[in-house]
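Asker: In the working numbering, the protein residues as written are 879 to 1293. Even for Gly, the Cβ is constructed at its ideal location relative to N, Cα and C. What you are looking at is a predicted structure, and each value in this text was computed from that prediction instead of being measured. Please read through the structure below; I'll follow up with questions.
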């Protein structure tokens, strides 16, 4: 499968030591898969919150550091997982690269194109490797779809359609998560997932974007929804819709399996607005946010299904492919074929990104989703509100190609 290793879990030169910068919600979502993978051990952690550091030391038998510099000086830390707020990504990722570490960097790569360029330049200068993830472009069914596209069996990609409806804007948030100028709102926080997926499946070289984006919710600042059209070199186009308003939920399209791979009852998909209002009646929003982070919330189990990010349908010359948390459904000229993709035995749903991290740490093949890729995805995300404001097609630069994609005669990078 693309961007993953073929070796068994637990094989190789001993566990990779992971140091975590930021023990917030992002870390909590990756932790269950990490704990199930014997190829990794949590070797260090840093967070400015004392409660989180005490919990880390208690849970993992030490490794807590009182500063990022101290963690970066720890020889047991081989890979730094930057799971901190967006505005800290560039400084922390660059510091880790300068210290000789490999980097797993949460999406979006940074809060600005200037910051992401700094990460790309530092990685090039130091020779360090960066993976921008976990992101839903690492979901196993998405990677399986890319493998099928690359096989050339159904010709070229012509259209990618993606629809995601969530309650994202009505979950507890820090102030910067609701401020588009600081990398908040749905375009930067959630559009990074959608853009990553469609770029991966359509060849990567986004040429232009047209969009409508805005805040249609008086209760929450920042962009709350958007729709966008993307044009790609090689002839493909993509249609993206995202709403974080907390009414309709696109989990319905996947038998109520939620984004993280958990089967849910239909009624569990609703009520985020009401729950947030109830919570704010007794405490402030930052306290509600912290209650969902490491050291305050219990460590969750790993989900039984693959993660997903709404409806994804890829139209090729000879077939349509629907990407679901349980696998692929292929509609060709003659038949409907299902390709089941259950989780590997003993693995959590984020096993593909952990395969990529293992390869990064042990000298294996690089993931597509490196620093330059993350910068290219951010360039599209930055273009969505700009295109919406100007009501025109906005040309895009700094794009990166998907190797061996049938839409591209020769893989290349646009500047």
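I need the straight-line Cα distance from residue 911 to residue 964, nearest angstrom please.
Answerer: Start at 1 with the first residue of the chain shown, and residue 911 comes out as number 33. Start at 1 with the first residue of the chain shown, and residue 964 comes out as number 86. If I take the Cα positions, the gap works out to 22 Å.
Asker: On the CB-based measure, 16 or more other CB atoms within 10 Å of its CB, does residue 999 come out buried or exposed?
Answerer: Position 121 of the chain shown, counting from 1, holds the residue named residue 999. Looking at its Cβ environment, which holds fewer than 16 other Cβ atoms inside 10 Å, residue 999 is exposed.
Asker: Pull up the DSSP beta-bridge partners for residue 919, would you.
Answerer: Here residue 919 refers to the residue found at position 41 when the chain shown is read from its first residue. DSSP lists 895 as partners of residue 919.
Asker: Keeping to the same chain, check which residues put their C-beta closer than 7 Å to that of residue 997; ignore five residues upstream and five downstream.
Answerer: For this step, residue 997 is matched to residue 119 along the chain shown. Contacts found: 968, 971, 972, 987, 988, 1008 and 1249.
Asker: Would you check if the distance between the CB atom of residue 1019 and the CB atom of residue 895 is smaller than 9 Å?
Answerer: Here the question's residue 1019 lines up with position 141 in the chain shown. Here the question's residue 895 lines up with position 17 in the chain shown. Not closer than 9 Å, so no.
Asker: What residue does the beta strand (DSSP E) around residue 1217 start on, and which one ends it?
Answerer: Here residue 1217 refers to the residue found at position 339 of the chain shown. Element bounds for residue 1217: 1214-1218.
Asker: Suppose you measure from the CA of residue 1281 to the CA of residue 1092; what does that come to, to the nearest Å?
Answerer: The residue given as residue 1281 occupies position 403 in the chain shown. The residue given as residue 1092 occupies position 214 in the chain shown. Their Cα atoms are separated by approximately 34 Å.
Asker: With a 10 Å radius around its C-beta and 16 neighbouring C-beta atoms as the bar for buried, classify residue 1130 as buried or exposed.
Answerer: Working through the chain shown from its first residue, we reach residue 1130 at position 252. Exposed: under 16 other Cβ atoms inside 10 Å.
Asker: Please report the straight-line C-alpha distance between residue 985 and residue 1059, rounded to a whole angstrom.
Answerer: Looking up residue 985 in the chain shown gives position 107. Looking up residue 1059 in the chain shown gives position 181. Looking at the two C-alpha atoms, the distance is approximately 16 Å.
Asker: Would you decide whether residue 1216 is buried or exposed? Buried here means 16 or more other CB atoms lie within 10 Å of its CB.
Answerer: As a position in the chain shown, residue 1216 is number 338, starting the count at 1. Classification for residue 1216: exposed.
Asker: For the segment 1103-1182, which segments carrying the alpha helix (DSSP H) assignment without a break, of at least 4 residues, lie completely within its bounds, in sequence order?
Answerer: 1150-1158 and 1163-1168
Asker: Could you give the C-beta distance for residue 1272 and residue 1265, rounded to a whole number, given that I count them as a contact under 8 Å?
Answerer: The count along the chain shown starts at 1 and reaches residue 1272 at position 394. The count along the chain shown starts at 1 and reaches residue 1265 at position 387. At roughly 4 Å, the Cβ-Cβ gap stays under 8 Å, so residue 1272 and residue 1265 are in contact.
Asker: Applying the criterion that 16 or more other CB atoms from any shown protein chain within 10 Å of the CB defines a buried residue, is residue 886 buried or exposed?
Answerer: Sequence index remark: in the chain shown, residue 886 carries index 8 (1-based). Since pLDDT at residue 886 reaches only 37, below the 50 mark, its modelled position is unreliable, and the value read off the structure follows with that caveat. With fewer than 16 other CB atoms across the displayed protein chains lying within 10 angstroms of its CB, residue 886 is exposed.
Asker: Measuring alpha carbon to alpha carbon, tell me which of 1047, 1083 and 1186 ends up nearest residue 1275.
Answerer: The residue labelled residue 1275 in the question sits at position 397 within the chain shown. For residue 1275, the nearest C-alpha among the options comes from 1083.
Asker: So, with DSSP's three-state summary, where would you put residue 924?
Answerer: In the chain shown, residue 924 corresponds to position 46, counting from 1. Note: residue 924 maps to strand in three-state DSSP.
Asker: Mapping DSSP to helix, strand and coil, what is residue 1226?
Answerer: To locate residue 1226, count along the chain shown from 1; it is residue 348. Note: residue 1226 maps to coil in three-state DSSP.
Asker: Under the DSSP definition of a beta bridge, which residues are partnered with residue 1198?
Answerer: The residue labelled residue 1198 in the question sits at position 320 within the chain shown. DSSP, once it has assigned bridges, lists 1193 and 1209 as partnering residue 1198.
Asker: If we ignore side chains and look at the alpha-carbon of each, how far apart do residue 1225 and residue 1185 end up?
Answerer: The residue you call residue 1225 lines up with position 347 of the chain shown. The residue you call residue 1185 lines up with position 307 of the chain shown. When only Cα atoms are considered, residue 1225 and residue 1185 end up about 13 Å apart.
Asker: Reducing DSSP to helix, strand and coil, say where residue 1036 ends up.
Answerer: On the chain shown, position 158 is the one that residue 1036 refers to. Note: residue 1036 maps to strand in three-state DSSP.
Asker: From 1114, 1053 and 1142, pick the residue whose C-alpha is nearest to that of residue 1286; which is it?
Answerer: Within the chain shown, residue 1286 is the residue found at index 408, counting from 1. Ranking 1114, 1053 and 1142 by CA distance to the CA of residue 1286 puts 1114 first.
Asker: Residue 1262 and residue 1043 look like a contact to me (Cβ under 8 Å); what is the Cβ gap, rounded to whole Å?
Answerer: Position 384 of the chain shown, counted from the first residue, corresponds to residue 1262. Position 165 of the chain shown, counted from the first residue, corresponds to residue 1043. Wrong, their Cβ atoms sit about 17 Å apart, outside the cutoff.
Asker: Compute the Euclidean distance between the alpha carbons of residue 1098 and residue 1056, then round it to the nearest angstrom.
Answerer: Stepping through the chain shown from its first residue, residue 1098 is reached at position 220. Stepping through the chain shown from its first residue, residue 1056 is reached at position 178. Going from the Cα of residue 1098 to the Cα of residue 1056 covers about 7 Å.
Asker: What is the DSSP secondary structure of residue 1069, counted as helix, strand or coil?
Answerer: Residue numbering aside, residue 1069 sits at position 191 when the chain shown is read from its first letter. If DSSP states are grouped into helix, strand and coil, residue 1069 belongs with the helices.
Asker: Go ahead and label residue 900 buried or exposed: buried means 16 or more other beta carbons lie within 10 angstroms of its beta carbon, across all protein chains shown.
Answerer: Within the chain shown, the letter at position 22 stands for residue 900. Burial call: buried.
Asker: Taking the beta carbon of residue 1155 as the centre, do at least 16 other beta carbons fall within 10 Å, making it buried, or is it exposed?
Answerer: Your numbering for residue 1155 matches position 277 in the chain shown. With fewer than 16 other Cβ atoms within 10 Å, it is exposed.
Asker: Between residue 1228 and residue 1107, what straight-line distance do the alpha-carbon atoms span, to the nearest angstrom?
Answerer: In the chain shown, counting from the first residue as 1, residue 1228 sits at position 350. In the chain shown, counting from the first residue as 1, residue 1107 sits at position 229. Their Cα atoms are separated by approximately 29 Å.
Asker: Tell me, to the nearest whole angstrom, how far the beta carbon of residue 1188 is from that of residue 1128; I am working on the premise that it is less than 8 Å.
Answerer: As a working note, residue 1188 is residue 310 in the chain shown. As a working note, residue 1128 is residue 250 in the chain shown. The Cβ separation is near 4 Å, so the contact holds.
Asker: Could you say if the segment 1061-1077 and the segment 1014-1031 meet the contact criterion of at least three C-beta pairs nearer than 8 Å?
Answerer: yes
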